[in-house]
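As structure tokens, the structure follows; a few thoughts come after it.
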Amino acid sequence: MNQLFKRLCAAGLNSNQVHVNSLHTGITALAWSKSDLPKRFLLHNKKVYPPQSPEEEPRPAFVCHQKTNIKYSPEKLWYIACLVRGMTVDEAVKQLSFVNKKGAIFVKEAILEAQELAVKEHNVEFRSNLWVAESFSGQGMVIKGIRRHARGRMGEVRYQFSHYFVRLEEGKPPADYYKVNPQTPQQQLNNWLEQMRKRKIINSY
Amino acid sequence: MANSLLSKMGSLRLAPVIFTQPSRTTTSKHFIPKFKKQRAQKYLKVELPDPNEDFAALGPEKIRQKMKERGLLPPRPWMERPFYISATGGVFEPYVPPEGDGKASLVSTTRAKQAVQLLEKKSKSMMAIRKIKSFEEEFDQKEFVQKAQETYIKAHEILASGNTKALRDYVTEKAYPEFRFNTLSKTIRWSFLESLEPPRVVHARCTDVVSKENIYGQVTVRFHTRQTLAVYDRFGRLIHGSEIVAKDVLEYIVFEKHLSNLYGTWRIHEKIIPDWTPPKEPSKLTRLMPEPEPEVVKPDKVESIEGKETAAIADK
Numbered sequence: 001m002n003q004l005f006k007r008l009c010a011a012g013l014n015s016n017q018v019h020v021n022s023l024h025t026g027i028t029a030l031a032w033s034k035s036d037l038p039k040r041f042l043l044h045n046k047k048v049y050p051p052q053s054p055e056e057e058p059r060p061a062f063v064c065h066q067k068t069n070i071k072y073s074p075e076k077l078w079y080i081a082c083l084v085r086g087m088t089v090d091e092a093v094k095q096l097s098f099v100n101k102k103g104a105i106f107v108k109e110a111i112l113e114a115q116e117l118a119v120k121e122h123n124v125e126f127r128s129n130l131w132v133a134e135s136f137s138g139q140g141m142v143i144k145g146i147r148r149h150a151r152g153r154m155g156e157v158r159y160q161f162s163h164y165f166v167r168l169e170e171g172k173p174p175a176d177y178y179k180v181n182p183q184t185p186q187q188q189l190n191n192w193l194e195q196m197r198k199r200k201i202i203n204s205y
Numbered sequence: 001m002a003n004s005l006l007s008k009m010g011s012l013r014l015a016p017v018i019f020t021q022p023s024r025t026t027t028s029k030h031f032i033p034k035f036k037k038q039r040a041q042k043y044l045k046v047e048l049p050d051p052n053e054d055f056a057a058l059g060p061e062k063i064r065q066k067m068k069e070r071g072l073l074p075p076r077p078w079m080e081r082p083f084y085i086s087a088t089g090g091v092f093e094p095y096v097p098p099e100g101d102g103k104a105s106l107v108s109t110t111r112a113k114q115a116v117q118l119l120e121k122k123s124k125s126m127m128a129i130r131k132i133k134s135f136e137e138e139f140d141q142k143e144f145v146q147k148a149q150e151t152y153i154k155a156h157e158i159l160a161s162g163n164t165k166a167l168r169d170y171v172t173e174k175a176y177p178e179f180r181f182n183t184l185s186k187t188i189r190w191s192f193l194e195s196l197e198p199p200r201v202v203h204a205r206c207t208d209v210v211s212k213e214n215i216y217g218q219v220t221v222r223f224h225t226r227q228t229l230a231v232y233d234r235f236g237r238l239i240h241g242s243e244i245v246a247k248d249v250l251e252y253i254v255f256e257k258h259l260s261n262l263y264g265t266w267r268i269h270e271k272i273i274p275d276w277t278p279p280k281e282p283s284k285l286t287r288l289m290p291e292p293e294p295e296v297v298k299p300d301k302v303e304s305i306e307g308k309e310t311a312a313i314a315d316k
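Chains as they are written, first to last, in the UniProt record's numbering: chain X, 1 to 205; chain A, 1 to 316.
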């Protein structure tokens, strides 16, 4: 059984060597292959918004940033990503430094990098005047390994990599991002009244 | 308070160590440590790549080793140098604008002196215009000045619209990066209102590059105009100027044409900024002043390291 594994492994590793015959499919050609990193999220940084008139409230600046191919499970990273949502940058960094998980280091790094970017390139004046508006994880490359099972069978091992995405926005965070605090009866009534008044009665006039 | 706490928790000192010291409840350790090695052998060793490897931090020796491992050839040294011959790389004998132009009265003594000096310089300009006429027979200063103004307006409008391909028809290769500098992901609102004074040719020069027949003509035109300019950042927030307030603008624009080229056109080449220009308006964007960087003392060991590395590569 171990011999089979060894042969399989050797086949996997041999593909890294140059084959004289495969000129266009060899590893040298792959050196110039396209990057498969996520790039759509960063395109938000390039969007140009239309000019505002002086009486309008200035649009808050934002910056999108990503950390790619972290050796960590995207599922585990998701919990940490959820933790920092709706926090100010300083609060998020403070909280993350007390999270006893490997992924917290990456998330903290990403937020600090994004903060630096915001000040340097996106016209943000005060580095503390930012909050985490978006924060989520995604799956990166997955390398499949083999493990041995009983009776000459094989199992698959997934070595997962993950991406982390963060968007920092200028200004103060919303008071209750996750809406955990219940509304008071008066608030509920007001909301209901507003909702009722907003509705459109079809064919009324 | 402290007293009551002590009396409550005082009995803790009697508790066994296992309760007082923190212990991990979840561990990744197997409950039978005996067959640890055999269990590890079930997994095939896979060499995981490091996608975030910092290649800049690696030395040339290490990079060479890695490339050899993967069977990659070293990059070909790029010996060629791009060379443009459709435009020159600068302005030769640039025009020196008289001080207080557009403001000081013509009767003042300094202006009178400069006017005399200008007359002396004019002969050279006349020669240059004669040379231009030998290539371009229907060259007329009055017509040229009108066309130059059209080019000037068109170039700025195109810059504001962001059509970078069309801009190349109105701007030389030298001026193109200067034109587009700092315009990325900004909104520019520019409008030309009127000419305060009719534009006029103040300076002309011709020069040859590489060979005698390869001649370029440069003509400086003085524009005194009224314009509005407003620049907005990526989020639509005003960072410079205003769309309402018009400003008087006095500019000396150098136009260039590759005269030897049958299809050459007059394009904007440079703007002459005199020493006496008033200081720029400060930016509307405010930012914190950066802290002064601490001085780093450089060690003098750079040479010895380099010598070692080259030797290691050369031995192959």
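Quick reminder that beta carbons are idealized off the backbone N, C-alpha and C, glycines included.
Going by DSSP, what residue range makes up the beta strand (DSSP E) through residue i?
{"i": "X:PHE165", "result": "154 to 170"}
{"i": "A:THR225", "result": "215 to 232"}
{"i": "A:VAL296", "result": "Element bounds for A:VAL296: n/a, residue is neither H nor E."}
{"i": "A:ARG39", "result": "That residue, A:ARG39, is in no beta strand (DSSP E); its alpha helix (DSSP H) goes 36 to 41."}
Count the other CB atoms within 10 Å of the CB of residue i; is the residue buried (16 or more) or exposed (fewer)?
{"i": "A:TYR232", "result": "buried"}
{"i": "X:SER204", "result": "exposed"}
{"i": "X:GLY140", "result": "buried"}
{"i": "A:CYS206", "result": "buried"}
{"i": "X:PRO58", "result": "exposed"}
{"i": "X:ALA150", "result": "exposed"}
{"i": "X:MET87", "result": "buried"}
{"i": "A:PHE55", "result": "exposed"}
{"i": "A:TYR152", "result": "buried"}
{"i": "A:THR27", "result": "exposed"}
{"i": "A:ILE244", "result": "exposed"}
{"i": "X:ILE202", "result": "exposed"}
{"i": "X:VAL89", "result": "buried"}
{"i": "X:SER15", "result": "Reliability of the predicted coordinates at X:SER15 is poor, the pLDDT of 42 falling under 50, and no value is obtained from them."}
{"i": "A:ILE32", "result": "exposed"}
{"i": "X:GLU170", "result": "buried"}
{"i": "X:LEU168", "result": "buried"}
{"i": "A:GLU143", "result": "exposed"}
{"i": "X:LEU4", "result": "Confidence in X:LEU4 is poor, its pLDDT being 44 and thus under 50, which makes the residue's placement unreliable; the coordinate value appears in the next sentence. Label assigned to X:LEU4: exposed."}
Whose C-alpha, out of the options, is nearest the C-alpha of residue i?
{"i": "A:TRP276", "options": "A:GLU99, A:LYS36, A:GLU157, A:SER185", "result": "A:GLU99"}
{"i": "A:THR172", "options": "A:LYS66, A:LYS280, A:HIS258", "result": "A:HIS258"}
{"i": "A:SER195", "options": "A:GLN146, A:PHE179, A:PHE92, A:THR164", "result": "A:GLN146"}
{"i": "X:ALA110", "options": "X:TYR49, X:SER53, X:LYS101, X:HIS163", "result": "X:HIS163"}
{"i": "residue 209 of chain X", "options": "A:LYS45, A:ARG76, A:LYS36", "result": "For residue 209 of chain X there is no data in the structure shown, the boundaries of chain X being 1 and 205."}
{"i": "X:TRP131", "options": "X:VAL166, X:ARG158, X:GLY152", "result": "X:VAL166"}
{"i": "A:GLU213", "options": "A:PRO274, A:SER260, A:PHE92", "result": "A:SER260"}
{"i": "X:SER35", "options": "X:ARG153, X:THR68, X:GLN52", "result": "X:THR68"}
{"i": "A:TYR176", "options": "A:GLU61, A:TYR84, A:LEU193", "result": "A:TYR84"}
{"i": "X:PRO50", "options": "A:LYS247, A:GLY236, A:LYS284", "result": "A:GLY236"}
Would residue i pass as a contact of residue j if the rule is Cβ separation under 8 Å?
{"i": "X:LYS46", "j": "A:SER161", "result": "no"}
{"i": "X:GLU125", "j": "A:THR286", "result": "yes"}
{"i": "X:GLN66", "j": "X:VAL84", "result": "no"}
{"i": "X:GLN160", "j": "X:PRO74", "result": "yes"}
{"i": "X:LEU42", "j": "X:CYS64", "result": "yes"}
{"i": "X:LEU112", "j": "X:VAL93", "result": "yes"}
{"i": "A:ILE272", "j": "A:THR225", "result": "no"}
{"i": "X:ALA81", "j": "X:ASN123", "result": "no"}
{"i": "A:GLN227", "j": "A:LEU262", "result": "no"}
{"i": "X:LYS144", "j": "X:ARG158", "result": "yes"}
How is residue i classed by DSSP in three states: helix, strand or coil?
{"i": "X:PHE62", "result": "strand"}
{"i": "A:HIS258", "result": "strand"}
{"i": "A:TRP266", "result": "coil"}
{"i": "residue 212 of chain X", "result": "One cannot answer for residue 212 of chain X here, as it falls past the ends of chain X, which runs 1 to 205."}
{"i": "A:ASP169", "result": "coil"}
{"i": "A:TYR252", "result": "strand"}
{"i": "A:LEU159", "result": "helix"}
{"i": "A:PHE179", "result": "helix"}
{"i": "A:GLU194", "result": "strand"}
{"i": "X:ILE143", "result": "strand"}
{"i": "X:ARG197", "result": "helix"}
{"i": "A:LYS62", "result": "helix"}
{"i": "A:ALA56", "result": "coil"}
{"i": "A:PRO33", "result": "helix"}
{"i": "X:SER137", "result": "strand"}
{"i": "X:ASN129", "result": "coil"}
{"i": "A:SER242", "result": "strand"}
Along the alpha helix (DSSP H) that carries residue i, what are the first and last residues, could you check?
{"i": "X:VAL93", "result": "89 to 96"}
{"i": "A:VAL209", "result": "Unbroken run through A:VAL209: none, as it is neither H nor E."}
{"i": "X:PRO74", "result": "74 to 84"}
{"i": "X:PRO105", "result": "Rather than Pro, the amino acid found at residue 105 of chain X in this sequence is Ile. It spans 102 to 121 - the alpha helix (DSSP H) in which X:ILE105 sits, taken as one unbroken run."}
Can you list the residues of chain B that residue i reaches, using a CB-CB cut of under 7 Å?
{"i": "A:VAL46", "result": "Among the protein chains of the structure shown, namely X and A, there is no chain B."}
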